[in-house]
Amino acid sequence: MRREVPLVLTAMVGLTMIIAHFIPPFNILKDLFEDWFFIIAAFAIYLGVLNLIRVNADKIYRKSRDWPFGIVVILGFLVITIPGLFFSGGRSFSDPGTSFYFLYIHVYYPLSATMFALLAFFVASASYRAFRARNVEATMLLAAAFILMLGRVPIGDWITAWLPEGYRMGNAADWIMDFPQTAGQRAIMIGIALGVVSSALRVILGLERAMGGD
Amino acid sequence: MNQENNQEVKSIWEKLLSIDRRIIFLFIAVAVAVPLFFKLSMRIPVTPVAQGTYQAIESLPAGSKVLASFDYDPGSMPELQPMAEAFFRHAFRNDLKVIIMGLWPQGPLQANIALEEVFQDEDIKAKSLQYGIDYVNLGFTAGNEVVIDRMGHSFEESYPKDGQGTPLSEIPLMRGVRNYDNVDLIFNLSAGYPGTQEWVQYAVDVFHVKLAAGNTAVQAPAMYPYVQTGQLSGVLGGMKGGAEYETLLGIPGRAVRYMFSQAVAHAVICMFIIIGNLAFFSIRKRKKTS
Amino acid sequence: MTGYEILRSTNREEGYEHIGGAAPGATYFSDSNTENKVKYFYRVRAISPWGTSESLPSNPVFSRVQWFDFSRLTLFALALIIACAIFYFISSAKTGKKLFIRKIAGLEAVDDAVGRATEMGRKIIYIPGIMDMDSMQTIAGVTILGRVAKLAAEYEAKLEVPVSKSLVMVTCRETVKEAYINAGRPDAYNDNMVYYLTDDQFGYAAALDGLFLRDKPAAVFLQGQFYAESLILAETANSVGAIQIAGTAMPSQLPFFVAACDYTLIGEELFAASAYLSKDPKLLGSLKGQDVGKFIFLLVILVGVLFLTLNSVLGLGLPDLATVF
Amino acid sequence: MSGEVVGLWIGGILTLGIFSFIYKDNPFYKFSEALFVGVSAGYWFVVTFWQYFLPKLIDNLVLAYTVLTVEGKIDYHWVYLLGGGLGILMLLRLFPSVGWLSRWSLAFIVGTTAGLQFTRYLESNGIIQVKGTILSLFVWGDLNSTIGNIVIVVGTFCGLIYFFFSKEHKGAFGGAARVGVWFLMITFGALFGYTVMSRMSLLIGRMDFLFGNWLGLIK
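Protein chains in written order, with our numbering: chain A, 4 to 217; chain B, 1035 to 1324; chain C, 189 to 513; chain D, 363 to 581.
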């Protein structure tokens, strides 16, 4: 009961999605499953959020490592949820001027943008201390990276101003992106596509232990 | 004598390599901040793929309907928000009708931020655009790529109501818009999953609708094969793509202003790699000889 | 002539509604909003700056459901072939038939690294990515850990596995214990070789940073799913002079691993290595089935390009495979 | 406009909080990061409620109920009741004792995604890409596209050979794999350059905020 029903359900839903692509009458069944998919996907968002709250509440209760920051997580959750649900004009909560909009611009945006901006520092120090042309492959990689980094900003054309109009660093960058990079990207893309096809098949046939299996 | 200063030269390279990481951080911070104080306008050459996105929008006759899907979060604002503002200026200047939606919950709100900025412009204010007639915001709905698949049959099944809760049937702009056949172009700003790849897979290749996109720079290279096959009309890549779009529209916005810092930052990174490698090779050569 | 308007009605004489338009020069219009088995009449109105002219009503037509969408025949055929190939190889692998997989260069690099680490007498640190057991890349990372642990047991090298997910910790302990037993040294294994640090991405990176600087490991393995924190790990391991063997299928991290590590398993090589090591029928079978797909694609490209090149050089009329399928 | 100034100061302090990680992992950083985790969870919660649960689930259930009570007939909207039930099953994953029930709902998520991706990836990232690679290696009077076509065909072909695992990389086959690796390295180099570009743009955005909007130094 615990394992068989989910596997049968997965196979039934998965096969319906595939068959409906080729045999249109199955679209009725496909639309039904999709309607349920949307609802469950929304509840899955709530599962993730509630799980986060539970984990942090647990951390505070058991006073495990860094538990005070668990309080900050829950406070952060309440600081935006309460105004968003009750004090932001109901359905037009995301219009400019509501308190929810204010919190988005002045709390959520700086935190989220700065988390990503940290990576610029890590790239800089890694460039200095870790990126070495230690073999042929790494050398080709760094050479292409140089042409792209300088070619995508006016410095590249400024350095190669002595070359004729159509053959400057910027044009080299365009050429690399349009041809060799597209070819390499396509080989990777086809490889990943076949990988997704086989793992989707294993999931539908119930061979895949990792997918929700115990 | 040679042995002695040889010893000392080695220590310079090793000293250079072992400087504290925070000095490198400070260096890159200054390299990025200082150019912001200079108002240097730089010529921005336009790449063919950026031209593709611009052309796809410019070629639409007035009154055409564009489905604009905002699939990114504030983390990608510096790269994608200039594109969003440029797109709205472009669309409203050409009297296009814009249907906004988002597969990321933050997307529709990012569109509101861009609209608020664009509505300050005199020429746009003069058009006195009305919600529900010139533009509409359908908001967010859960389901990722399955939403794209379902909108191929009917928008209403995925979005029975707009972001404000008004049923689609009561919105003038949405009358006659049943699915992708009644939309002239899809414009997608994407920072990951679900994003442009899913729009190509579920909308372009199944319902044969035209798609133009703007991506964060991390994701743009992966879209080039789609441009080569024609599945994707064009892609704006990162802040540079935003600057190209602004240049094509002739309105130098924030992305153009940042390009001087971007240029200095790239030069610094290249310099770091060169110094790092020189030190690496000289230390290795030293180890081989001793 | 600026374009056409398509009008439709369920009655020949009147009640025509505008249902769509077509650009000048277009020769077809597909109406996808029809109810099946209902008779429709269509009229085309050409619009030009000097006025419009309307066609006579067409004779009645009605749409009915296709039972098979023949426009998707190529996709259906290829999907069937690949699915059967995967199914065949998985079942034949289950019956113990030996499936050939080429030598994975990355695995030799793994063995060398463990050997050199033992000579230097310093620790080996293995990091199976920062995601949980539901990620294929994490599973591959744990499989490769099995091999590294077996070698470490044989060479009596010190192995440490700091992880960022509790479920991954449990699985890694099982794998390492089993490897030490297979290597005949159950006594050398103890549970705290594998330990949990933190779930947080940058907290985990900062903790590992400290670990590398303190212990100065001889070899660092980064096998699994990584995001931007991979930069901190690769950089610090490099600065303490550790040999680094990485492996991931995350396209955004591969460039940094290739530039910063001694050897990198690229994308599918990570999965091939885990199939090669685990001899798991479903992994081996899938890999071989995917190779059938790649073989078909390679063949079609080769023949298609040959045809087109001959067409343009010798002016032959060979079919263009890109449009035939 | 005091609200705006307060907002800017909150943004500035939180930005410095996250940046303090650069110096070292410290409580100010941990506070800001925890706040970020909490606020982003809260954001998802609020938006999903207003733009999904209320307009789509609850309104449909109310509609189904009114249709039942007024006209006494079961119409399609009752599907949402079953869907809602499956959704609640999903939440049971929070409680280990009954958690296994959530696997019934998870089956719909996993099955739908696997079923759709099976055909979408095979067609859009497989077949159409192969069709795009079938190009003539010689185009009369157009050197650029001749070279371009050759590069794309050879690069894709050799790249695929590198990822082919059923034949040893020896002889001509090994040579082709070698060429394939070179193309992959150029692709990774381009991705490296674009990723650096992306990270730097984000840092520029924050510096512009700190020095421009917050401290008002940049005019």
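Every residue gets a Cβ at the ideal spot worked out from N, C-alpha and C, and that includes glycine.
| Query | Result |
| --- | --- |
| Nearest to A:Gly173 (by Cα), restricted to the options A:Gln188, A:Ala148, A:Pro86 and A:Ala186 | A:Ala148 |
| Residue environment, C:Phe444, which counts as buried when at least 16 other CB atoms sit within 10 Å | buried |
| Cβ shell of D:Ser464 (< 7 Å), same chain only, five flanking positions each side left out | Leu451, Met452, Leu454 and Arg455 |
| Minimum length 3: unbroken beta strand (DSSP E) runs contained in the stretch 1077-1146 of chain B | 1099-1105 and 1131-1136 |
| Closer than 9 Å to chain D by CB, C:Thr262 | yes |
| Environment of C:Ser354 [buried if 16+ CB atoms lie within 10 Å] | exposed |
| Distance between beta carbons of D:Tyr438 and B:Gly1272, contact taken as under 8 Å | B:Gly1272 to D:Tyr438, Cβ: 45 Å. No contact. |
| Of the residues A:Pro27, A:Leu10, A:Val200 and A:Leu35, the one placed nearest D:Gly477, counting alpha carbons only | A:Val200 |
| Proximity test, Cβ basis, 9 Å: B:Ser1360 and chain A | The displayed coordinates of chain B run from 1035 to 1324. Any statement about residue 1360 of chain B would go beyond what the structure contains. |
| Contact list for the stretch 1275-1305 of chain B against chain A, Cβ threshold 7 Å | Met1293, Gln1296, Ala1297, His1300, Ala1301, Ile1303 and Cys1304 |
| Cross-strand partners of C:Gln432 (DSSP beta bridge) | C:Val408 |
| B:Glu1156, DSSP secondary structure in three states | helix |
| Distance, D:Val408 Cα to A:Trp88 Cα | The displayed chain sequence assigns Leu, not Trp, to residue 88 of chain A. Using only the alpha carbons, I get a separation of about 6 Å. |
| Cβ of B:Phe1189 within 9 Å of any chain C Cβ | no |
| Bounding residues of the alpha helix (DSSP H) (the contiguous stretch that carries D:Phe518) | The question names Phe, but residue 518 of chain D in the sequence shown is Thr. Note, D:Thr518: alpha helix (DSSP H), Leu505 to Tyr524. |
| Euclidean distance between Cα positions of A:Asn59 and B:Asp1054 | 35 Å |
| Endpoints, beta strand (DSSP E) assigned at C:Val382 | Val382 to Tyr384 |
| C:Ile315 - partner residues in DSSP beta bridges | C:Leu410 |
| Buried versus exposed call for C:Cys360 [16 or more other C-beta atoms within 10 Å across all chains shown] | buried |
| Sequence-distant residues of its chain with Cβ nearer than 8 Å to A:Leu1 (five each side left out) | Because chain A here runs from 4 to 217, residue 1 of chain A falls outside it and cannot be looked at. |
| Chain-ordered neighbours of B:Ala1256 on chain C, where CB pairs are closer than 7 Å | Pro439 |
| Supposed close pair B:Thr1323, B:Leu1114 - CB separation, criterion 8 Å | Actually they are not in contact, since the Cβ atoms of B:Thr1323 and B:Leu1114 sit about 52 Å apart, beyond 8 Å. |
| Pair within 9 Å by beta-carbon distance, A:Ala116 and B:Gly1109 | yes |
| Chain A contacts made by the stretch 1085-1113 of chain B, where a contact means CB separation under 8 Å | Asp1107, Pro1108, Gly1109, Ser1110, Met1111 and Pro1112 |
| Chain-ordered chain B contacts of A:Gly173 [CB-CB under 7 Å] | Pro1079 |
| Rounded distance between the beta-carbons of A:Glu140 and D:Val460, thought under 8 Å | Going by Cβ atoms, the distance from D:Val460 to A:Glu140 rounds to 52 Å, so no, they are not a contact pair. |
| Spatial neighbours of A:Asp177 in its chain, beta-carbon cut-off 8 Å, leaving aside the 5 residues before and after | Gly154 |
| Whole-angstrom distance between C:Arg373 and C:Ala367, CA atom to CA atom | 9 Å |
| Residue closest to A:Ser130, alpha-carbon to alpha-carbon, out of B:Lys1321, B:Lys1319 and B:His1300 | B:His1300 |
| is_contact[A:Leu18, chain D] using C-beta, thresh 9 Å | yes |
| Contacts that B:Ile1317 makes with chain A (C-beta to C-beta distance below 9 Å) | Those within 9 Å of B:Ile1317 in chain A number zero; the least Cβ separation is about 11 Å. |
| Residue environment, D:Thr377, which counts as buried when at least 16 other CB atoms sit within 10 Å | buried |
| Minimum Cβ-Cβ distance from A:Val82 to chain C less than 9 Å | no |
| Interface residues of chain D facing A:Glu37 [CB-CB closer than 8 Å] | Thr474 |
| Any chain D beta carbon closer than 9 Å to A:Met214 | Here the model assigns A:Met214 a pLDDT of 45, short of 50, so the residue's position is not dependable, and the following value carries that caveat. It does: the Cβ of A:Met214 has a partner Cβ on chain D nearer than 9 Å. |
| Proximity test, Cβ basis, 9 Å: C:Val446 and chain D | yes |
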